[in-house]
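In this note's numbering, the protein residues as written are 18 to 1163. Virtual Cβ for every residue (Gly too), placed ideally from N, Cα, C. Since the model is a prediction, treat every value here as computed from it, not as a measurement. Working notes, beginning with the structure itself.
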Amino acid sequence: VRVTHTSGGISSQRSGQGRQGCTRMGHSCIDDSAWWALLLLLQLVLHRCSAGYVMFMGGYYNISVAGSGVCREARDGACVEHAEKARAERAGAGERIDKQRKSETGRIVKAAKTCEEVVDGAPDQAGKCAKGKCISIGENRVCTQCGKMATEAPKNGVCTDLTSDTAVCATKDSGKCTKCAGDSFMYKGGCYERSDSLGATICGAANSNGVCTAAKPGYFVPPTAIIDATHDSVVSCGDTAGVTLNTKTYTGVAGCTACDGSTLTEQANGVAKCTACGDGKLVKTVDSVTSCIEKADCNNGYFVDTNGGKKCSACANTCKTCSGAAAQCTSCNANTPYLKKADNSQTGTCVNADDCINGNTYYADDTVDPTSGKLCRKCAEGGLKDCATCVKSADDLVCKECTGKKFGLNKKSCVTECPDNASEKSGVCTCNDGFTPNAGSSACTQCHSSCLTCSATDENSCTACTEGTHFLGAASGKGKCVSCGDATGSGDWKGITGCAKCTKPNTAGAATCTECGTDLYLKTETGGATSCVASDKCTGGFFPMTDTADSNKKKCLACSDGTNGIANCAECTAPAQEKAKPACTKCTTPNYLKIVDGTTTCVIKEECKDDYFTVDDNSKGNKCLSCGDTTGVTVGNGGSAETYTGVAGCATCDPPSPINGGSGAQTAAATCTECNANLYLKTVSSPTPTKSCVTEAVCKEDSTHFPTTDSSNGDKKVCVSCGTAANGGIDNCGKCSLLPSASGSATPLVTCTKCGNSKYLKADGTCVDNCASDSTEFAKADSVNGNRCVLCRDQTDGIADCKTCSNAENTLKCSACNNNKKPTTTGTACVACSIANCAICNKENVCAACTDKKLSPLKDACLDTCPAGTYDSQGVCTPCHTSCSSCSDAGESSCTACYPGSVLSKGETGNTGTCIPECTGRYAENCEAGMCTASIGGSKYCSKCKSGFVPVDGLCVSATTRAPTGCTPGTDGTCSACTDKYFLQSGGCYLSTAYPGSTLCSSAADGKCKTCANGQTADTSTGVCPACPAGCSKCSGSSGSQTCSECLAGYYKSGTKCVKCSENSTNGGNTITGVPNCVSCTAPTSNTGTVTCYVTQDPTVDPTDPSVNKGGLSSGAIAGISVAVIAVVGGLVGFLCWWFVCRGKA
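Structure follows, in structure tokens:
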């Protein structure tokens, strides 16, 4: 018999032979009976149990799991601390005891499961749950992760050794089942069998693949398409953690006891729909999402709905709150704000104002009830009597219909007859003037004596007053009647002292007086305020006037009064005669006082123009003066006075410029724009810009001006300065004479005789700042007769045939000539010179400088680039040292390239050096004998070095120190490969960016030449550039049929070959003669004749004629000397012969 552990104790069932814990001694286990004590004793005698196990009723029990219902602690198979005792001790400490339940026969029955966690330090943790991994399922406590993680996992909620048992929990890991088998299913880390009592309460049906397919009440199954045996296939309705399947999470609702998961899908996360809550809570649904809430929280648009379960349902959309049913509103929303209660009920329907008053048996009460808000009330609830229907007029409720009767006072009732002092008007009883309805609108009572009409009997309840002499002291409704002359008034509503008649102000304040009392004048201030004043107080911008039609109406009018005054006048004097206008003395800002024939007016600035001008004076007022007014007006006083005047004889003008300070009294005149008839408007710019009106004779006095008419300005007469081009003058002209036949202003009317403003007079008569920018003329200063622009070719002051020139520091120098001539170096003459692009010739066809090219060393041509053996020195091709084919200067150690047969021996730094014979000096050091054979740029370099050295840039360098920068050393004194921008050629590595490598290869990468500099195509595998024929620097075609396209220094191109400058050639039908010792040349342009030699190796030989000695003797001189020597020698021999032969005979 095996006894299994339950939450209440143990139960027995038959089992086979014990698997662990108990060793059989050749006896069989007997069934339990009432003699269980005796059997226990026999078991203790006959059986031996392991540590942590106890014998009971023929079975063995692990006290940490199954046996804990009987025994708390065991040693050597015997119980040393009984569970009942331990439970009693826990009960004393406040713990809940799950008592064993027994049948009537005393047999132990099955009870709820329990879960016990591991105990730190205990020797055996079998059957126990990992700490914090026990959970409750109903009344059961089950384990989700076992303490013995290597061998145990939860099976039906109990930690079980599953080392060889895979029938339910197919796989496990870290104390949990990771896959279920058969009709079991996974739930919270364990596998549960459908046949188990606990599994049957969770899952209603399971397939044979370890998946629950139908949940029991209180649970739901996630979408079946994504469930497998390795995940929970059933979720508790109250589980908010839920299960994650295929990245989607499915959860229950907190506090939920029944739910529906049928709407969940595999495509999205989801929460089951709760249908019942525990702990007395209600199911609330908002936007299809359910939750469990307390009953007290079911408010604000929701109500407790007991129909079909405990729910918190939404009120109707018109209700703000409701009770008992969705449509039984207790307060309303804003769109239907009025609660229309049912008879004898506190609930009703919510309506808008129109629906409320429809039929007029109800009215809309905007008074907010603390509980229900606004209400839709019956007419009777508003205090109306006998009214069939009612309506609100403003804020007052009145009858709308009286059946068979007339309306009472204020329509507050329905009556047969009107009360005393009232009469019927349009079917409504209305109190007569001087009477008002009482509080109940049942009778008319008399008003206060000051009122014309009233709403109550006191003096502050007047609703109308005697018109003209009184006004109501209130904005509307009721108030006190105030007399027009009562300055004290009622509150802020006041009359005006001395006023006889008035009108009520629009807002609180003083009334507007319309007529004053005897001998007082009605004065209206700016802004509309009125007062009554005596005549001597009618000043300060006002003047007194009596109405001629009614002498009792006296007015104190503003000087600017639109009818009797002068518009915009600020100060004035009273008129001497009735109905006459006053005389204005000062206008309002920004207006100007203008006097025309003794009549004053105030005008804006824009109207004071043409023949008038403005003067601003904030103190005395702005003035509008005549342009010809030479007296003017003075602003200010004393030493700071400023006087502004017009101009004598002026017809129209612009106002004078403001003086703006200065010491002492000052005067400024207007700027005249047109003079009176027979006068000319003269403008003088210095020393002070002024305009005046002069006669024709005065205009022409000093020749600086001339008289004319301005056709662009209405043919006004003007006296124009010679420099005014717009009116027929010439810009910057200082003095001129009027042309006799000139008229109008389209062309100059004068001849300029002298320029002003330090300008220069050109030959065409114009005045300029500078003479022509193209240097075709030069400036000649003359302070007496005026500066002039003189043409460079001028025969008197210029240079004959000169095209462009300069006159710096008064030294005239020609820079370009006409007629194919060139200027000399000094620029003082133009000489014949046919050399293209030559800028300066010192003598005929001997160039001294080129325009934008390089001057040939022979001085006979301008070249694009300097030839070999020369360098560019400020545009002149200057010879290098005779050993250099190119150089940076004439020094022997300044070579940058050498002639074929020579190599460049560079210094420690830089790219310059000395040219030495090939295969000598540094280039012969450590080179294997007979291996100076690499041909680079027409010169030989070492192709194989002695042991320990390799050729880099033609030099044998140490294979261990310098070579790695460009060479990968081989084993035979050569480079096997090159690095970076070096390339392999004839056993050595050469840098493509430096001489001599650059003569063969223009770009290299990965140790190979990519682009050959000699026009050939580099071998794609080795990077080797095929060699061109001797003398060629570039060639085309393949090996054996190559043709030269460019030559090395010291060679010229003849046909398809390159020939040394010192040798003759007949290639391609040419007839070209070389020059001895020449090392830099070009072939003749016609390929016939002698090469043009630029450099010879022997410095005493002239490249153009090697027979000419550079010491100074020409070939003719040498021949003459030779003949003379022969003649002398011949004469001497003849003399000696005569002496010895003829003399001897004598």
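Classify E169 as helix, strand or coil using the three-state DSSP reduction.
Strand, per DSSP.
Could you pull the start and end residues of the beta strand (DSSP E) that V185 belongs to?
Neither: V185 is in no beta strand (DSSP E) and is coded neither H nor E.
Tell me which residue opens and which closes the beta strand (DSSP E) that V848 is part of.
Note, V848: beta strand (DSSP E), 847-849.
Could you compute how far the alpha carbon of A825 sits from the alpha carbon of T929?
Those two C-alpha atoms are separated by around 42 Å.
Go to S823, then tell me how far its alpha helix (DSSP H) extends in each direction, as first and last residue.
First-last for S823: 819-823, but that is the beta strand (DSSP E), not the alpha helix (DSSP H).
For a test of the three-state rule: what should DSSP assign to C897, helix, strand or coil?
If DSSP states are grouped into helix, strand and coil, C897 belongs with coil.
Out of N581, C670, Y1007, A575, which has the shortest C-alpha to C-alpha gap to G557?
Among N581, C670, Y1007, A575, the Cα nearest to that of G557 belongs to A575.
Relative to the alpha-carbon of C471, which residue among K495, G457, G490, G485 has its alpha-carbon at the smallest distance?
The shortest Cα separation from C471 among K495, G457, G490, G485 belongs to K495.
Taking 8 Å as the threshold, find out whether the region 512-520 comes into contact with the region 475-494 through three or more Cβ pairs.
Because the criterion of three Cβ pairs below 8 Å is met, the region 512-520 and the region 475-494 touch.
To which residues does DSSP link R394 through a beta bridge?
In the DSSP output, where bridge partners are listed per residue, R394 has Y380.
Less than 8 Å between the CB atoms is what I'm expecting for C416 and C407, so what's the real figure, rounded?
Sure, about 6 Å apart at Cβ, within 8 Å.
So which of A285, S253, C822, A714 has the shortest CA-CA distance to L262?
When only C-alpha atoms are compared, the closest one is A285.
I need the straight-line Cα distance from G526 to D634, nearest angstrom please.
Rounded to whole angstroms, G526 to D634 spans 37 Å at the Cα level.
Just the Cα atoms here: how many angstroms apart are D403 and A397?
Computed Cα separation, rounded: 8 Å.
Could you tell me the boundaries of the beta strand (DSSP E) in which L215 lies?
From DSSP, L215 is part of no beta strand (DSSP E) but of the alpha helix (DSSP H) over 214-219.
Candidates P592, C160, Y609, T707: which alpha carbon is nearest N585's?
Among P592, C160, Y609, T707, the Cα nearest to that of N585 belongs to Y609.
Is the distance from the Cβ of P1013 to the Cβ of I953 below 8 Å?
A contact, by the Cβ cut-off of 8 Å.
Going by DSSP in three states, I243 sits in which element: helix, strand or coil?
Helix.
Check Y940 in the structure and name its three-state DSSP category.
Of the three classes helix, strand and coil, the one that applies to Y940 here is helix, per DSSP.
Indicate the three-state DSSP secondary structure (helix, strand or coil) for Y70 in the structure shown.
Since pLDDT at Y70 reaches only 46, below the 50 mark, its modelled position is unreliable, and the value read off the structure follows with that caveat. Strand, per DSSP.
If the criterion is Cβ atoms closer than 8 Å, does the pair G490 and C501 meet it?
Contact flag unset, no.
For the alpha helix (DSSP H) that D372 lies in, which residues bound it at each end?
Per DSSP, D372 belongs to the alpha helix (DSSP H) from 370-374.
Who pairs with V650 in a beta bridge, going by DSSP?
Answer is Y661, bridged to V650.
If you draw a straight line from the C-alpha of G1048 to the C-alpha of A914, how long is it?
Rounded to the nearest angstrom, the two C-alpha atoms are 15 Å apart.
Taking just the CA atoms, how far does P724 sit from K717?
C-alpha separation (whole angstroms): 7 Å.
What residue does the alpha helix (DSSP H) around E713 start on, and which one ends it?
Taken as a continuous stretch (DSSP letters only), the alpha helix (DSSP H) holding E713 covers 713-716.
Using only the alpha-carbon positions, how far apart do G365 and N316 sit?
Approximately 17 Å between the Cα atoms of the pair.
Given 8 Å as the limit, is there contact between the region 223-233 and the region 242-249, that is, 3 or more CB pairs closer than that?
Segments in contact, yes.
Return the chain-ordered ranges of every beta strand (DSSP E) run that is complete within the region 1089-1120 and spans a minimum of 3 residues.
Listed in chain order, they are 1095-1099, 1105-1107, 1109-1113.
Can you tell me which of N804, A313, I676, V288 puts its alpha carbon nearest to the alpha carbon of G297?
Comparing Cα positions, the closest option is A313.
Taking only the alpha-carbon atoms, compute the straight-line gap between C769 and C753 and give it to the nearest angstrom.
Answer to the nearest angstrom: the Cα atoms are 4 Å apart.
Would A1035 and C1029 qualify as a contact pair, given that the criterion is a beta-carbon distance under 8 Å?
Closer than 8 Å, so yes.
Does the structure place the region 154-162 close enough to the region 180-189 that three or more beta carbon pairs sit under 8 Å?
With the cut-off at 8 Å, the region 180-189 and the region 154-162 do not touch.
Can you tell me where the beta strand (DSSP E) with L299 in it begins and where it stops?
Segment 299-303, the beta strand (DSSP E) holding L299.
For G341 and T230, what's the separation of their Cα atoms in angstroms?
Looking at the two C-alpha atoms, the distance is approximately 40 Å.
Let's see if you can read the secondary structure: which residues bound the beta strand (DSSP E) around G930?
First-last of the beta strand (DSSP E) with G930: 930-934.
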